[in-house]
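Written out below as structure tokens is the structure these notes cover.
Protein chains: 2
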Amino acid sequence: MAEIPHTAPQEPTGGYPRVVIIGAGFGGLAAVQALAGAAADITVIDRHNYHLFQPLLYQVATAALSPADIAWPIRHILRRQKNTTVLLDAVSAIDRQAGVVTTEGGRTIAWDHLIIATGAHHSYFGRDDWEKNAPGIKTIADATSLRQKILLAFERAEAESREHERAALLTFVIVGGGQTGVEMAGAIAELARHSIAEDFRVIAPASARIILVEAGPRILHTLEEKLSANAMATLQKMGVEVMAGSRVEDVDADGVVIDGKHIAAKTVIWAAGAKASPAGVWLGAPADKTGRVIVDANLNVAGDARVFVIGDTAAFTPEGATRPLPGVAAVAKQMGVFAAKRIRAAVEQRKPPENFKYHDVGTVAAIGRNSAIVVLPGLKATGFIGWLLWSVSHIFFLIGLRNRASVMLNWAWNYVTWQRGARLITSDKPEDK
Amino acid sequence: MAEIPHTAPQEPTGGYPRVVIIGAGFGGLAAVQALAGAAADITVIDRHNYHLFQPLLYQVATAALSPADIAWPIRHILRRQKNTTVLLDAVSAIDRQAGVVTTEGGRTIAWDHLIIATGAHHSYFGRDDWEKNAPGIKTIADATSLRQKILLAFERAEAESREHERAALLTFVIVGGGQTGVEMAGAIAELARHSIAEDFRVIAPASARIILVEAGPRILHTLEEKLSANAMATLQKMGVEVMAGSRVEDVDADGVVIDGKHIAAKTVIWAAGAKASPAGVWLGAPADKTGRVIVDANLNVAGDARVFVIGDTAAFTPEGATRPLPGVAAVAKQMGVFAAKRIRAAVEQRKPPENFKYHDVGTVAAIGRNSAIVVLPGLKATGFIGWLLWSVSHIFFLIGLRNRASVMLNWAWNYVTWQRGARLITSDKPEDK
Numbered sequence: 002m003a004e005i006p007h008t009a010p011q012e013p014t015g016g017y018p019r020v021v022i023i024g025a026g027f028g029g030l031a032a033v034q035a036l037a038g039a040a041a042d043i044t045v046i047d048r049h050n051y052h053l054f055q056p057l058l059y060q061v062a063t064a065a066l067s068p069a070d071i072a073w074p075i076r077h078i079l080r081r082q083k084n085t086t087v088l089l090d091a092v093s094a095i096d097r098q099a100g101v102v103t104t105e106g107g108r109t110i111a112w113d114h115l116i117i118a119t120g121a122h123h124s125y126f127g128r129d130d131w132e133k134n135a136p137g138i139k140t141i142a143d144a145t146s147l148r149q150k151i152l153l154a155f156e157r158a159e160a161e162s163r164e165h166e167r168a169a170l171l172t173f174v175i176v177g178g179g180q181t182g183v184e185m186a187g188a189i190a191e192l193a194r195h196s197i198a199e200d201f202r203v204i205a206p207a208s209a210r211i212i213l214v215e216a217g218p219r220i221l222h223t224l225e226e227k228l229s230a231n232a233m234a235t236l237q238k239m240g241v242e243v244m245a246g247s248r249v250e251d252v253d254a255d256g257v258v259i260d261g262k263h264i265a266a267k268t269v270i271w272a273a274g275a276k277a278s279p280a281g282v283w284l285g286a287p288a289d290k291t292g293r294v295i296v297d298a299n300l301n302v303a304g305d306a307r308v309f310v311i312g313d314t315a316a317f318t319p320e321g322a323t324r325p326l327p328g329v330a331a332v333a334k335q336m337g338v339f340a341a342k343r344i345r346a347a348v349e350q351r352k353p354p355e356n357f358k359y360h361d362v363g364t365v366a367a368i369g370r371n372s373a374i375v376v377l378p379g380l381k382a383t384g385f386i387g388w389l390l391w392s393v394s395h396i397f398f399l400i401g402l403r404n405r406a407s408v409m410l411n412w413a414w415n416y417v418t419w420q421r422g423a424r425l426i427t428s429d430k431p432e433d434k
Numbered sequence: 002m003a004e005i006p007h008t009a010p011q012e013p014t015g016g017y018p019r020v021v022i023i024g025a026g027f028g029g030l031a032a033v034q035a036l037a038g039a040a041a042d043i044t045v046i047d048r049h050n051y052h053l054f055q056p057l058l059y060q061v062a063t064a065a066l067s068p069a070d071i072a073w074p075i076r077h078i079l080r081r082q083k084n085t086t087v088l089l090d091a092v093s094a095i096d097r098q099a100g101v102v103t104t105e106g107g108r109t110i111a112w113d114h115l116i117i118a119t120g121a122h123h124s125y126f127g128r129d130d131w132e133k134n135a136p137g138i139k140t141i142a143d144a145t146s147l148r149q150k151i152l153l154a155f156e157r158a159e160a161e162s163r164e165h166e167r168a169a170l171l172t173f174v175i176v177g178g179g180q181t182g183v184e185m186a187g188a189i190a191e192l193a194r195h196s197i198a199e200d201f202r203v204i205a206p207a208s209a210r211i212i213l214v215e216a217g218p219r220i221l222h223t224l225e226e227k228l229s230a231n232a233m234a235t236l237q238k239m240g241v242e243v244m245a246g247s248r249v250e251d252v253d254a255d256g257v258v259i260d261g262k263h264i265a266a267k268t269v270i271w272a273a274g275a276k277a278s279p280a281g282v283w284l285g286a287p288a289d290k291t292g293r294v295i296v297d298a299n300l301n302v303a304g305d306a307r308v309f310v311i312g313d314t315a316a317f318t319p320e321g322a323t324r325p326l327p328g329v330a331a332v333a334k335q336m337g338v339f340a341a342k343r344i345r346a347a348v349e350q351r352k353p354p355e356n357f358k359y360h361d362v363g364t365v366a367a368i369g370r371n372s373a374i375v376v377l378p379g380l381k382a383t384g385f386i387g388w389l390l391w392s393v394s395h396i397f398f399l400i401g402l403r404n405r406a407s408v409m410l411n412w413a414w415n416y417v418t419w420q421r422g423a424r425l426i427t428s429d430k431p432e433d434k
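In the order they appear, the protein sequences are chains S and P. My numbering applies: residue 2 is where the first sequence begins, and numbers increase by one. My numbering applies: residue 2 is where the second sequence begins, and numbers increase by one.
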């Protein structure tokens, strides 16, 4: 069967092994692309019509980029891959026995091989009531609504005559000192201190207070201590108050309680925790405390060679390691390719690769303009050189020439003028004003 | 007083004559910019934080441009104009006797001179119940929600197995054969026939039916007959069915009734009528049947030299003309400058200009790529030359270098690849899926 040239089925035909891939993030997309040309009927299911370059989502939230700069229609990416059908839908249940996936749109889709790459959401560590006042940034809708919230805070402060209210409007608390939190804090500092500094008459946006709270002893804790310290010093130079070893005890509409002390803040941003999508529940498989499904050396669940879980949804602990691989793009992509290779080998009746192995490609985090921390195998860079490397690597990994050119243009313009091109409060709902 | 150099007031001080400008569209923005450096305390009130380049809004609705490409923060445009304060708010009432404006945000703002430039909304000719199923395009939120509706129609058609439902999803009806309707019809045809033609497996997007309905005898009726005929031929060549002299009698969730015949269509777009914002009601002044306030030769209301109404909100009939000037950007801008000059003359105790006179700068309408109709004083162009002139003129009038570069980049990319860069369905609400 593998030798028969494959033509596109108008509907899944059953003639070829059926592969279902749930989620078209970094992991799912890498998997489907690695299956290009395979003699299989592939269905990709995603709840959005776009693949999102999540690492730059904070730049949408801070008005530097437009959503379309970092998102790309999944259908369009896969248009030439004729063995693949794209479905805009979300999974509601998986029946492993029957080999079917059920969707919120009421579909039932049969599979012979299944890859679950549904990612993660924010986690509020049991305090889901905080979400309303401390939104996170995982989707484009999150980012544009956060952009609106940040821009409106300055607008409201300009119109506010009560001093304490104005101060609360000009206080921004970012919870979580990982990469997203650090990048958000730096970007808001740049926005307030430079981009919009001249634009108001009553308030001085540059006087805004930006606080980055981290429960652990240091920010960017996956990096070595020296680099954490460098990042902290850079943020402080930009006017960000970094509170490491501090615990957020409460969040409400008026602010946060940190280590017993209330800080009045109208904008609180959550960059602290992730919780995997409910793949463990769907599969009835064991998961760790953040909901990630525990997978074996071949990324399979409970020894079921038909079912793979990858990316942020999976807890894979390499041999000899003490904790699972982190939820980053590079891990997800490599997992996707590995799962695809095993499926392809099964379809083509060849010997599959064994035992997933992650090749570390490094860590990068930008801290405002001119400064980033880059740790690659055999290379460490900070400051301006780090920032150049960060910029080039991000542009390189964007999908599509247009997006690369558009992001480059926006960054160049931002670099020269300090301006941000997407300062739009787009909602027409009066309650958002 | 006029000789005293003006410094920026931290709060409106009352030391200078107070000018309030409501609305920062083409008219309002032209007025405030023409008052740069005047010895006046100027307040600009707008319900959005951005000035919008409305003529390209249809390109946002059809996924060619991002909102940030055609919008610019009002504050930023006016940041160096120190006599001006920008307020994000909407007017709820005007008291001419007391000389104050009241806002939805609960503010009361006093004025010595007032310019009302609040624009127009869609008009459904008394059938406001049609709005839900036949949305118009006046704001960014309108455009992104229409973009979502159009893209979702193709997604739903791909997943639909019932033939008649699929046909209804692939039928797009645009009501109104003016500039917006013609441009929308052309853009949707291009989207369906080229941009997304390859991306689906079940449906053939190129088979979509696109119908442009116009109640009058011909489309683009403000142009001479030959040009109308040229536009119609171009649209027909692109596969748009043009129904001139046809009346829409009903709109519901399943389609439209045109001349007694029901056409099943899941996407109906309203580009037919405009209704001025309620300035007439606010002022207690006479208005025409579309709500436009009737203004005198100096654009004043009922001889009140302090109050100007301009742009789409005003009905100004030049001497000897049979009908008021049309609601287009050029008219609004020239009216804004005229009103500003009169106010400036009053402030500086000079003789004001008399009798507004519109200098016709022409009409342009794009009909998909490679074709536009351009009528300038002393020049008529159609086809490719028209399209080049159309492109250059639109880029020229955009505010800001970044926006110009970004729009040029997107157009160039679209021209070469036929692709549209902003094909995003961004809502996370399940009911939108």
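Ideal Cβ positions, reconstructed from N, Cα and C, are used throughout, including at glycine. Keep in mind that this is a model prediction, so the values were computed, not measured.
Task: Closest Cα partner of residue 387 (chain S) within the set S:375, S:380 and S:393 - done: Minimum Cα distance to residue 387 (chain S) is reached at S:375.
Task: Coil, strand or helix - residue 380 (chain S) by DSSP - done: DSSP places residue 380 (chain S) within a strand segment (E or B) once states are collapsed to three.
- [ ] Rounded to whole angstroms, what's the CA-CA distance from residue 221 (chain S) to residue 235 (chain S)? Just pull it up for me.
- [x] About 13 Å.
Open item on the list: Taking the beta strand (DSSP E) that residue 197 (chain S) belongs to, which residues open and close that run?
Closed with: Looking at the DSSP string, residue 197 (chain S) is not in any beta strand (DSSP E), and its letter there is neither H nor E.
TODO: Kindly say whether residue 170 (chain S), judged by its beta-carbon, lies nearer than 8 Å to any beta-carbon of chain P.
DONE: Using a CB distance cut-off of 8 Å, residue 170 (chain S) does not count as an interface residue toward chain P.
Task: Contact under 8 Å by Cβ, residue 45 (chain P) with residue 79 (chain P) - done: At the C-beta level, residue 45 (chain P) and residue 79 (chain P) come within 8 Å of one another.
Open item on the list: Taking CB distances under 8 Å as the criterion, tell me whether residue 137 (chain S) reaches chain P.
Closed with: Cβ-Cβ to chain P under 8 Å: no for residue 137 (chain S).
Open item on the list: With DSSP as the reference, identify every bridge partner of residue 256 (chain S), one or two as the case may be.
Closed with: Its beta-bridge partners are S:253 and S:265.
TODO: Closer than 8 Å by C-beta to residue 371 (chain S): which residues in its own chain qualify, once you throw out the five before and the five after it? Chain order, please.
DONE: Around residue 371 (chain S): 384, 385 and 388.
Task: Where the segment 404-422 of chain P meets chain S: residues whose CB sits under 8 Å from a CB there - done: Result list: 404, 406, 407, 410, 411, 414, 418, 420 and 422.
Open item on the list: Output needed in chain order: residues of the segment 40-55 of chain S with a Cβ under 9 Å from some Cβ in chain P.
Closed with: For the segment 40-55 of chain S, the set of residues with a beta-carbon nearer than 9 Å to any beta-carbon of chain P comprises 48, 49, 50 and 51, in chain order.
Task: Proximal residues of chain S, C-beta to C-beta of residue 242 (chain P) below 9 Å - done: None at all; the shortest Cβ gap to chain S is about 26 Å.
TODO: Would you mind sorting residue 287 (chain P) into buried or exposed? The rule is 16 or more other CB atoms within 10 Å of its CB.
DONE: It is exposed - the Cβ of residue 287 (chain P) has fewer than 16 other Cβ atoms within 10 Å.
- [ ] Kindly say whether residue 132 (chain P), judged by its beta-carbon, lies nearer than 8 Å to any beta-carbon of chain S.
- [x] Closer than 8 Å: no.
Open item on the list: Which same chain residues end up closer than 8 Å to residue 59 (chain S) when comparing Cβ atoms and leaving out the 5 residues on each side of it in sequence?
Closed with: The beta carbon of residue 59 (chain S) is closer than 8 Å to those of 138, 144, 181, 184, 185 and 188 in its chain, skipping five residues each way along the sequence.
- [ ] Quick one: which residues of the segment 82-96 of chain S get their C-beta closer than 9 Å to a C-beta of chain P? List them in chain order.
- [x] Answer in chain order: 83, 85, 86, 87, 88, 89, 90 and 91.
Task: Any beta strand (DSSP E) of 3 or more consecutive residues that is wholly inside the segment 111-166 of chain P - done: If we require 3 residues or more, the beta strand (DSSP E) runs fully inside the segment 111-166 of chain P come out as 114-117 and 121-123.
TODO: State the beta-bridge partners of residue 271 (chain P) as determined by DSSP.
DONE: In the DSSP output, where bridge partners are listed per residue, residue 271 (chain P) has P:176.
Open item on the list: For the segment 190-217 of chain S, list every residue whose C-beta sits within 8 Å of some C-beta in chain P, in sequence order.
Closed with: Here the close residues are 197, 199, 200, 201, 202 and 203.
Task: Length at least 3, wholly inside the segment 342-378 of chain S: the beta strand (DSSP E) runs in chain order - done: Listed in chain order, they are 364-367 and 373-377.
- [ ] Tell me, to the nearest whole angstrom, how far the beta carbon of residue 427 (chain P) is from that of residue 141 (chain S); I am working on the premise that it is less than 8 Å.
- [x] Cβ atoms of residue 427 (chain P) and residue 141 (chain S) come within 8 Å of each other, at about 5 Å.
Open item on the list: Is there a Cβ of chain S sitting closer than 8 Å to that of residue 364 (chain P), yes or no?
Closed with: Chain S has no Cβ within less than 8 Å of the Cβ of residue 364 (chain P).
Task: Under 8 Å from the C-beta of residue 76 (chain P): neighbouring residues of chain C - done: The structure shown has no chain C; the protein chains it does contain are S and P.
Task: Meets three-Cβ-pair contact criterion under 8 Å: the segment 106-117 of chain S and the segment 255-272 of chain S - done: Touching, no, given that fewer than three Cβ pairs across the two stretches are closer than 8 Å.
Open item on the list: Can you check which of these residues, S:399, S:365 and S:259, is closest to residue 223 (chain S) by C-alpha distance?
Closed with: Answer by Cα proximity: S:365.
Task: Beta-bridge partners of residue 32 (chain S), as assigned by DSSP - done: Paired residues: none, contrary to the question.
TODO: Closer than 7 Å by C-beta to residue 382 (chain S): which residues in its own chain qualify, once you throw out the five before and the five after it? Chain order, please.
DONE: So the list reads 375 and 390, once near-sequence residues are dropped.
Open item on the list: Please state whether the Cβ-Cβ distance between residue 339 (chain P) and residue 300 (chain P) is less than 8 Å.
Closed with: Residue 300 (chain P) is positioned such that its CB atom lies closer than 8 Å to that of residue 339 (chain P).
Task: residue 282 (chain P) burial status per 10 Å Cβ neighbour count (16 or more: buried) - done: Residue 282 (chain P) comes out exposed.
Task: CB contact check: residue 69 (chain S) to chain P, cutoff 8 Å - done: Yes - at least one Cβ of chain P is within 8 Å of the one on residue 69 (chain S).
Task: residue 160 (chain S): contacting residues in chain P (beta-carbon distance under 9 Å) - done: Below the 9 Å Cβ cutoff, chain P contributes 88, 89, 90, 106 and 108 as neighbours of residue 160 (chain S), in chain order.
Task: Closest residue to residue 49 (chain S) among S:72, S:115, S:326 and S:57 (Cα-Cα distance) - done: Nearest option by C-alpha distance: S:72.
Open item on the list: Quick check on this structure: which residue in P:378, P:97, P:369 and P:347 has the alpha carbon closest to the alpha carbon of residue 238 (chain P)?
Closed with: Considering only alpha carbons, the answer is P:369.
Task: Alpha carbon of residue 136 (chain S) to alpha carbon of residue 305 (chain P), nearest angstrom - done: Taking the straight line from one Cα to the other gives about 50 Å.
Task: chain S contact residues for residue 72 (chain P), given Cβ-Cβ distances below 8 Å - done: 425, listed in chain order.
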